[in-house]
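Throughout, my numbering is defined as the position within the sequence shown, counted from one, plus 4.
The beta carbon of each residue, even a glycine, is placed where N, CA and C say it ideally should be.
First up is the structure itself, then whatever we jot down about it.
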Amino acid sequence: MMFPLGQMMTLKVSLFQRQEILGIGHFTVIGPVEVEDTTELPWLLEYISCLIHLALFGILGVLTRYLLEKLFGPGGVGATSDQSYMYLDLPSNMVGSFLMGWWGVVFKRDISKVSDQLAIGLTTGYLGSLTTFSGWIQKMLDLSVEGHWVFAVLGILIGLFLAAYSIIFGIETARGAKWLLQRLIKSSTCGISSSKSNWKVDNCKRHLAVVVVLLLMLGLLYGLSGTWEIREFSSGSHGAQLWLACMVAPLGVWIRWFLARLNGRGLGKMGLLKWVPFGTLIANVLAACAMAALATVKKAVRLHYMIHLHCSPFHQSTSTIDFLVFRMFDYPVNLHKL
5 MMFPLGQMMT LKVSLFQRQE ILGIGHFTVI GPVEVEDTTE LPWLLEYISC LIHLALFGIL
65 GVLTRYLLEK LFGPGGVGAT SDQSYMYLDL PSNMVGSFLM GWWGVVFKRD ISKVSDQLAI
125 GLTTGYLGSL TTFSGWIQKM LDLSVEGHWV FAVLGILIGL FLAAYSIIFG IETARGAKWL
185 LQRLIKSSTC GISSSKSNWK VDNCKRHLAV VVVLLLMLGL LYGLSGTWEI REFSSGSHGA
245 QLWLACMVAP LGVWIRWFLA RLNGRGLGKM GLLKWVPFGT LIANVLAACA MAALATVKKA
305 VRLHYMIHLH CSPFHQSTST IDFLVFRMFD YPVNLHKL
């Protein structure tokens, strides 16, 4: 997913003009006439705003994934486990794929009308960090190395199946919700359009206000993450991985966003295989290969714990499964009729 820099912003001002028609004896009102006053948003502000949205929503995605692991893991419901084909990241991949059908497909245009940066932050930042490809593949490799080949194969098949149908289910439910919202808007007598326009981030002042608020929230999250990281790491607790993941998540999201520029370009001058998201695919393969390489470092337990603690959260934020599965099942779902 790419965000064009230097996008022109259009400000529309409604005016009423009245013209006197000579020889007829009455006035003709022509209006409202929209006069477009185009001002260019500074590219640096646009770029910084996009990076901040990605960083903040990336951290929120990591926190959501951790909560889902605790909720459905051995300490909670007990539906998922590291030693089963129902792996720990399965609930987060399903929820992220479901929300991709809402935010990344059906309501994508509506969110972009409010703010393009918000759409990028929700899809690439939040959903990209909520789902993970490298962590899922690494768990299946661990099962295969331990001799549980059946669990590994079932985990891959079930993971792809549930992620794909979570996107389809999300698209269908989002269509129904959008239809209900449109009926409610048509039946209402209030000025919905004017209230919706008040939420648009369409000028420099609003962009600056959003950037300042998000910077404060990002600084607060970094401060809390750093404080708890020091406490958990000094005590030797595995909870340090969560707070370190929050600190390195923005870097992984930014790398995935930059690589996403390769999506939709295809190969060569002819642009072959444009339907393949090469940017997201490269990010997933690199993260999975790095996770597999780190898994071989098991000579010293402390060294292995240190490397896993510092690198595993970064790789999980770099890789994503929702957009990859969405592109794989793009044509069967027939999304062009949204």
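Determine, using beta carbons only, whether residue i and residue j come nearer to each other than 8 Å.
{"i": "GLU73", "j": "SER96", "result": "yes"}
{"i": "THR84", "j": "PHE76", "result": "yes"}
{"i": "LEU71", "j": "LEU166", "result": "no"}
{"i": "PHE137", "j": "SER88", "result": "no"}
{"i": "GLU233", "j": "MET251", "result": "yes"}
{"i": "ALA287", "j": "ARG260", "result": "yes"}
{"i": "HIS211", "j": "VAL205", "result": "yes"}
{"i": "LEU49", "j": "CYS208", "result": "yes"}
{"i": "THR127", "j": "GLY108", "result": "yes"}
{"i": "GLY125", "j": "LEU60", "result": "yes"}
With 16 other CB atoms within 10 Å as the buried threshold, where does residue i fall?
{"i": "THR324", "result": "buried"}
{"i": "ASP86", "result": "exposed"}
{"i": "TRP153", "result": "exposed"}
{"i": "LYS143", "result": "buried"}
{"i": "GLU150", "result": "exposed"}
{"i": "MET3", "result": "Here the chain has residues from 5 to 342 only, and residue 3 is not among them."}
{"i": "LEU184", "result": "exposed"}
{"i": "SER53", "result": "buried"}
{"i": "ILE175", "result": "buried"}
{"i": "SER238", "result": "exposed"}
{"i": "TYR244", "result": "Here residue 244 is Ala; the residue named in the question, Tyr, does not match the sequence. Its Cβ being crowded by 16 or more others within 10 Å, ALA244 is buried."}
{"i": "SER119", "result": "buried"}
{"i": "GLY129", "result": "buried"}
{"i": "THR231", "result": "exposed"}
{"i": "ASN267", "result": "buried"}
Starting from the C-beta of residue i, find all residues in its chain whose C-beta is less than 8 Å away, skip the five residues before and the five after it, and write them out in chain order.
{"i": "PHE173", "result": "PHE102 and GLY105"}
{"i": "MET90", "result": "ALA83, THR84, GLY159 and ILE162"}
{"i": "VAL1", "result": "With the chain represented from 5 up to 342, any question about residue 1 goes unanswered, as that position is not in the structure."}
{"i": "ARG269", "result": "GLY275, LYS278 and PHE282"}
{"i": "LYS112", "result": "ALA123 and THR127"}
What does residue i pair with, by DSSP beta-bridge criteria?
{"i": "LEU64", "result": "In DSSP, LEU64 forms no bridge with anything."}
{"i": "LEU271", "result": "LEU276"}
Residues in the same chain with beta-carbon distance under 7 Å from residue i, minus the five sequence neighbours each way, listed in chain order, please.
{"i": "TRP258", "result": "LEU55 and LEU58"}
{"i": "LEU122", "result": "HIS57 and ILE115"}
{"i": "MET98", "result": "LEU166, ALA167 and SER170"}
{"i": "SER229", "result": "TRP247, CYS250 and MET251"}
{"i": "ALA181", "result": "none"}
{"i": "PRO78", "result": "SER85"}
{"i": "GLU236", "result": "GLY243, ALA244 and TRP247"}
I think residue i touches residue j, with their Cβ atoms under 8 Å apart; what is that distance to the nearest whole Å?
{"i": "ARG187", "j": "VAL110", "result": "In fact, because the Cβ distance is near 16 Å, the residues do not count as touching under 8 Å."}
{"i": "LEU255", "j": "GLY283", "result": "Incorrect: roughly 16 Å between the Cβ atoms, too far for contact."}
{"i": "ILE141", "j": "ALA292", "result": "5 Å"}
Short of 6 Å in beta carbon distance, which residues of its chain neighbour residue i, apart from the five on each side in sequence? Order them along the chain.
{"i": "GLY80", "result": "LYS74"}
{"i": "LEU271", "result": "LEU277"}
{"i": "ALA253", "result": "GLY62, ILE63, VAL66, SER133 and SER321"}
{"i": "SER148", "result": "ALA156"}
{"i": "THR225", "result": "Checking the sequence, you will find Leu at residue 225 rather than Thr. Hits under 6 Å: ILE63."}
{"i": "LEU290", "result": "none"}
{"i": "TRP203", "result": "VAL118"}
{"i": "LEU2", "result": "Outside the displayed range of the chain (5 to 342) lies residue 2, so it cannot be described from this structure."}
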